[in-house]
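Trainee: Supplied in structure tokens, the structure appears directly below.
2 protein chains.
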Amino acid sequence: MGEFDLIERYFKRPTHKAALGVGDDCALLNTTPGMQLAVSSDMLVEGRHFLSTVDPARLGHKALAVNLSDLAAVGAEPLAFTLALSLPRVDEAWLAGFSSGLLRLADAHGCELVGGDTTQGPLNICITAFGEVPPGDALLRQNAQVGDDIYISGTVGDARLALEVFRGTHALSGEAFEQARLRMEQPTPRVALGSALRAVANAAIDVSDGLLGDLGHILKRSGVGAQIDTTWLQAAGSFGEARLPAGITPVLAELPWNKRLEFALSGGDDYELCFTAPVNQRELVHAAAWETHTPVTRIGRITQELGLVVLDPQGQPIAKRFASFDHFA
Amino acid sequence: MGEFDLIERYFKRPTHKAALGVGDDCALLNTTPGMQLAVSSDMLVEGRHFLSTVDPARLGHKALAVNLSDLAAVGAEPLAFTLALSLPRVDEAWLAGFSSGLLRLADAHGCELVGGDTTQGPLNICITAFGEVPPGDALLRQNAQVGDDIYISGTVGDARLALEVFRGTHALSGEAFEQARLRMEQPTPRVALGSALRAVANAAIDVSDGLLGDLGHILKRSGVGAQIDTTWLQAAGSFGEARLPAGITPVLAELPWNKRLEFALSGGDDYELCFTAPVNQRELVHAAAWETHTPVTRIGRITQELGLVVLDPQGQPIAKRFASFDHFA
Numbered sequence: 000m001g002e003f004d005l006i007e008r009y010f011k012r013p014t015h016k017a018a019l020g021v022g023d024d025c026a027l028l029n030t031t032p033g034m035q036l037a038v039s040s041d042m043l044v045e046g047r048h049f050l051s052t053v054d055p056a057r058l059g060h061k062a063l064a065v066n067l068s069d070l071a072a073v074g075a076e077p078l079a080f081t082l083a084l085s086l087p088r089v090d091e092a093w094l095a096g097f098s099s100g101l102l103r104l105a106d107a108h109g110c111e112l113v114g115g116d117t118t119q120g121p122l123n124i125c126i127t128a129f130g131e132v133p134p135g136d137a138l139l140r141q142n143a144q145v146g147d148d149i150y151i152s153g154t155v156g157d158a159r160l161a162l163e164v165f166r167g168t169h170a171l172s173g174e175a176f177e178q179a180r181l182r183m184e185q186p187t188p189r190v191a192l193g194s195a196l197r198a199v200a201n202a203a204i205d206v207s208d209g210l211l212g213d214l215g216h217i218l219k220r221s222g223v224g225a226q227i228d229t230t231w232l233q234a235a236g237s238f239g240e241a242r243l244p245a246g247i248t249p250v251l252a253e254l255p256w257n258k259r260l261e262f263a264l265s266g267g268d269d270y271e272l273c274f275t276a277p278v279n280q281r282e283l284v285h286a287a288a289w290e291t292h293t294p295v296t297r298i299g300r301i302t303q304e305l306g307l308v309v310l311d312p313q314g315q316p317i318a319k320r321f322a323s324f325d326h327f328a
Numbered sequence: 000m001g002e003f004d005l006i007e008r009y010f011k012r013p014t015h016k017a018a019l020g021v022g023d024d025c026a027l028l029n030t031t032p033g034m035q036l037a038v039s040s041d042m043l044v045e046g047r048h049f050l051s052t053v054d055p056a057r058l059g060h061k062a063l064a065v066n067l068s069d070l071a072a073v074g075a076e077p078l079a080f081t082l083a084l085s086l087p088r089v090d091e092a093w094l095a096g097f098s099s100g101l102l103r104l105a106d107a108h109g110c111e112l113v114g115g116d117t118t119q120g121p122l123n124i125c126i127t128a129f130g131e132v133p134p135g136d137a138l139l140r141q142n143a144q145v146g147d148d149i150y151i152s153g154t155v156g157d158a159r160l161a162l163e164v165f166r167g168t169h170a171l172s173g174e175a176f177e178q179a180r181l182r183m184e185q186p187t188p189r190v191a192l193g194s195a196l197r198a199v200a201n202a203a204i205d206v207s208d209g210l211l212g213d214l215g216h217i218l219k220r221s222g223v224g225a226q227i228d229t230t231w232l233q234a235a236g237s238f239g240e241a242r243l244p245a246g247i248t249p250v251l252a253e254l255p256w257n258k259r260l261e262f263a264l265s266g267g268d269d270y271e272l273c274f275t276a277p278v279n280q281r282e283l284v285h286a287a288a289w290e291t292h293t294p295v296t297r298i299g300r301i302t303q304e305l306g307l308v309v310l311d312p313q314g315q316p317i318a319k320r321f322a323s324f325d326h327f328a
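As given, the protein sequences belong to chains L and H, one line each in that order. Under numbering that gives the first Met the number 0, the first residue of the first sequence is numbered 0, with each subsequent residue one higher. Under numbering that gives the first Met the number 0, the first residue of the second sequence is numbered 0, with each subsequent residue one higher.
This is the structure we're talking about:
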């Protein structure tokens, strides 16, 4: 099978929102007048971002999910994406799985594949996704205000837990491992929540490199500090204020306290939204969580004093330095 | 140096057209009301698209050039681009060269770097570029009409010639090799010509996989055939109808006839525009070429009879089958 057959068979779809999709020199998008186009680009490398043994359908899902998560973090509605794919060889079973996982998630968000590139080389997946947001409404990292509540969506730490099992530093029962592994291999981009938070939150980021490290980007850009409490790490499924299970899963809640702290606060690969909102917006935050069926947990507040302080459940600062994930560190 | 320092030092620039550039979850673009956004994505892999020894500044230039060439092929004006970069390690000399070549070309076209991704892995460069075109004005592959003239911009065949020297199948003098090598390593995207052809040409494609192969995409999509003459391959710098040197360079003109045919017609990596236009538009094609200082050579015509016939300078069909480039063939 050649390059053009490969595109034709696995990736060419009719487009509805795009003026022109796969198959010309460029895709053509008609963006809605009076909207801003949001653009995210992420690259996944075998051995670095995923294991060679991963289910290709899950990998297809994840490759798009990490980009949709970036769109969610600015509150944009997904519109379209391009896929650049470097493959060692044409493996039809792999391609069928990969494209099915990819396009299933794309369909679920009405996000059309409009073009890209295929080439021979080490396995590498680069997706660039486009979304739309009303001008001025995008949730930026730079707008956190002193006194804001800090929230996290969904649950954090499971992807890191699964990674540690793969690394052999941790053991889990089969069922618990499958749950954690699914969180690592098939994350849920919080697209609906991101949109719902546009008029509610002040600042947002998606957690890919670890909660504290990514929150740090908000703090640095906004010129503020933060205090994070850890009471939400004491038990799973507290149903929080959004009346939905949140914070950490039962699997994570069974870990020793120090592991729980490390995996949840600096684990990475979570693709949850960390965001800040004024105290007087709490009801609207809960409404956004409820309407989008997305767990949301309040985990701290923005402070005038710079730096990031983590408090133990007794309210005492934890001295431990939490590593954030850096691809070249 | 970490991932964020790397971005900060080599790739973060102030943006003027983009509402938000590098450094948040997404870039934000305000597209002009009443325009279509054109999107192109290309991936360059070490060993496949470039040699490990290539000058990094030239590689930076080429990585963007191949995308700008796709924008040119639909007649779009460049707006912005994202860069996803997988690097084995942080090599500052390499990064300084790569970013300077990349951003010099970007500046020349007013095309802003607005985001992307950096990661550790085998050297891989994925650029997604955005341009604008008035709705309905994009030059598509599907619009070639029977009777249209077929044109090629600039010169073709030199990139392939340089590749053959690297492969050791051909020898060239130092100066001739440098010229051919520059064409391979630092191609000129025909952006101004593409825009100028919007109201003039019927169909266009950029030549990356070889002239005949890429013309074949126009023929297939338009449901037509073509007859290509080869008189323009008899000598270099004929100054053609655009009064500019065109078709092939003096270096290529010194090759034996069969090599000239093969390299020019199916060499690949040329990043010239192949386009079709009605016979009564010849003066406007010449004007577009002249105004944009771009050589343009008329090389054949679109026929009702399907298939692609190449005629020798005596007007006799050449039986030889010319291979087009397919990354998985």
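Even glycine gets a Cβ: it sits at the ideal position worked out from N, Cα and C. This one's a predicted model, so the numbers in the text were calculated from it and none came from an experiment.
With a cut-off of 8 Å, does the C-beta of H:N142 fall near any C-beta of chain L?
Mentor: Cβ-Cβ to chain L under 8 Å: no for H:N142.
Trainee: In terms of residue numbering, what span does the beta strand (DSSP E) encompassing L:P55 cover?
Mentor: Careful: L:P55 lies outside any beta strand (DSSP E), inside the alpha helix (DSSP H) at P55 to V73.
Trainee: Comparing the CB of H:T118 with every heavy atom of the ligand MN, is any distance shorter than 7 Å?
Mentor: You won't find the ligand MN in this model; it holds no ligand whatsoever.
Trainee: Candidates L:Y9, L:L27, L:L5 and L:R8: which alpha carbon is nearest L:H332's?
Mentor: What the structure shows of chain L is the stretch from 0 to 328, and residue 332 of chain L is not part of that stretch, so it cannot be assessed.
Trainee: Nearest-angstrom Cα distance between H:P55 and H:F165?
Mentor: Taking the straight line joining both Cα atoms gives about 17 Å.
Trainee: With DSSP as the reference, please indicate the residues paired to L:Y150 in a beta bridge.
Mentor: In DSSP, L:Y150 forms a bridge with L:F274 and L:R297.
Trainee: Can you tell me where the beta strand (DSSP E) with H:E131 in it begins and where it stops?
Mentor: Run containing H:E131: N123 to V132, per the beta strand (DSSP E) assignment.
Trainee: Would you please verify whether the beta carbon of L:A191 is less than 8 Å from any beta carbon of chain H?
Mentor: L:A191 does not count as touching chain H.
Trainee: Exposed or buried, L:Q233, counting other C-beta atoms within 10 Å across all chains shown (16 or more means buried)?
Mentor: Burial call: exposed.
Trainee: Could you give the first and the last residue of the continuous beta strand (DSSP E) run that contains L:F191?
Mentor: According to the sequence displayed, residue 191 of chain L carries Ala and not Phe. Premise fails: L:A191 lies in the alpha helix (DSSP H), V190 to A195, not in any beta strand (DSSP E).
Trainee: Return helix, strand or coil for H:G314, following the three-state DSSP convention.
Mentor: The answer is coil: DSSP assigns H:G314 none of H, G, I, E or B.
Trainee: Kindly indicate which three-state DSSP category H:A203 falls into: helix, strand or coil?
Mentor: In this structure, H:A203 counts as strand in the three-state DSSP scheme.
Trainee: Counting only the same chain and skipping the five closest in sequence on each side, list residues whose C-beta sits under 6 Å from that of H:M0.
Mentor: For H:M0, where only same-chain residues beyond five positions count, the Cβ hits under 6 Å are V89.
Trainee: Apply the 10 Å Cβ neighbour rule to L:G156 and answer buried if 16 or more other Cβ atoms are within range, or exposed otherwise.
Mentor: Buried, because 16 or more other Cβ atoms sit within 10 Å of the Cβ of L:G156.
Trainee: If we ignore side chains and look at the alpha-carbon of each, how far apart do L:A37 and L:T117 end up?
Mentor: Looking at the two C-alpha atoms, the distance is approximately 24 Å.
Trainee: Using the beta-carbon count (16 or more within 10 Å), is H:L50 buried or exposed?
Mentor: The residue in question, H:L50, is exposed, as its Cβ has fewer than 16 Cβ neighbours within 10 Å.
Trainee: Could you have a look at H:D106 and say whether DSSP puts it in helix, strand or coil?
Mentor: Of the three classes helix, strand and coil, the one that applies to H:D106 here is helix, per DSSP.
Trainee: Which whole-angstrom value describes the C-beta separation of L:G299 and L:A225, a residue pair presumed to lie in contact below a C-beta threshold of 8 Å?
Mentor: Correct: roughly 6 Å between the Cβ atoms.
Trainee: Please state whether DSSP places H:Q35 in a helix, a strand or coil.
Mentor: Correct three-state label for H:Q35: strand.
Trainee: So, L:S39 versus L:A128, is the Cβ gap smaller than 8 Å?
Mentor: For L:S39 and L:A128, yes; Cβs fall inside 8 Å.
Trainee: In three-state terms, what does DSSP make of H:A241?
Mentor: With a pLDDT of 45 at H:A241, under the threshold of 50, the modelled position of that residue is not reliable, and the figure given next carries that caveat. Looking at H:A241 - three-state DSSP - the assignment turns out to be coil, as it is neither helix nor strand.
Trainee: For a cutoff of 8 Å on Cβ pairs, would you count H:P32 as touching chain L?
Mentor: Chain L, which has a Cβ nearer than 8 Å to the Cβ of H:P32, makes this yes.
Trainee: Taking L:E261 as the reference, which of L:G215, L:L43, L:V278 and L:R159 has the closest Cα?
Mentor: Out of L:G215, L:L43, L:V278 and L:R159, L:R159 has the C-alpha closest to the C-alpha of L:E261.
Trainee: Residues of chain L with CB under 7 Å from H:R47, in chain order?
Mentor: Neighbours of H:R47 on chain L, chain order: T118, Q119 and G120.
Trainee: Using a Cβ-Cβ cut-off of 8 Å, state whether L:N123 counts as contacting chain H.
Mentor: Yes, contact with chain H.
Trainee: Are L:Y9 and L:L94 closer than 8 Å when you measure CB to CB?
Mentor: Against a cut-off of 8 Å, the Cβ pair of L:L94 and L:Y9 comes out as a contact.
Trainee: Which bits of chain H does L:P134 rub up against, with CB to CB less than 9 Å?
Mentor: Within chain H, the residues near L:P134 are A18, L27 and N29.
Trainee: Mind pulling the chain L residues with CB within less than 7 Å of H:L58?
Mentor: The contacting residues do not exist; H:L58 stays about 15 Å from chain L at best.
Trainee: Could you give the residue range of the alpha helix (DSSP H) that holds L:D157?
Mentor: It spans D157 to R166 - the alpha helix (DSSP H) in which L:D157 sits, taken as one unbroken run.
Trainee: Return the residues of the region 204-216 of chain L that lie within a Cβ-Cβ distance of less than 7 Å from chain H, sorted by chain order.
Mentor: From the region 204-216 of chain L, only I204 and D205 have a Cβ closer than 7 Å to chain H.
Trainee: Where does H:V89 sit, in a helix, a strand or coil, going by DSSP?
Mentor: Coil, per DSSP.
Trainee: Determine the burial state of L:H292: buried for a count of at least 16 other Cβ atoms within 10 Å of its Cβ, exposed for fewer.
Mentor: Exposed.
Trainee: Please confirm if L:S172 has its CB atom under 8 Å from at least one CB of chain H.
Mentor: No - not a single Cβ of chain H is within 8 Å of the one on L:S172.
Trainee: Cα-Cα, which of L:K319, L:R47 and L:G314 is closest to L:L162?
Mentor: When each option's Cα is compared against that of L:L162, the closest is L:R47.
Trainee: Within 10 angstroms of its Cβ, does L:K61 collect 16 or more other Cβ (buried), or is it exposed?
Mentor: Buried is the call here.
Trainee: I'd like the list of long-range same chain contacts for L:N123, defined as Cβ closer than 6 Å, with 5 residues on each side in sequence excluded.
Mentor: Cβ within range, chain order: V44 and S85.
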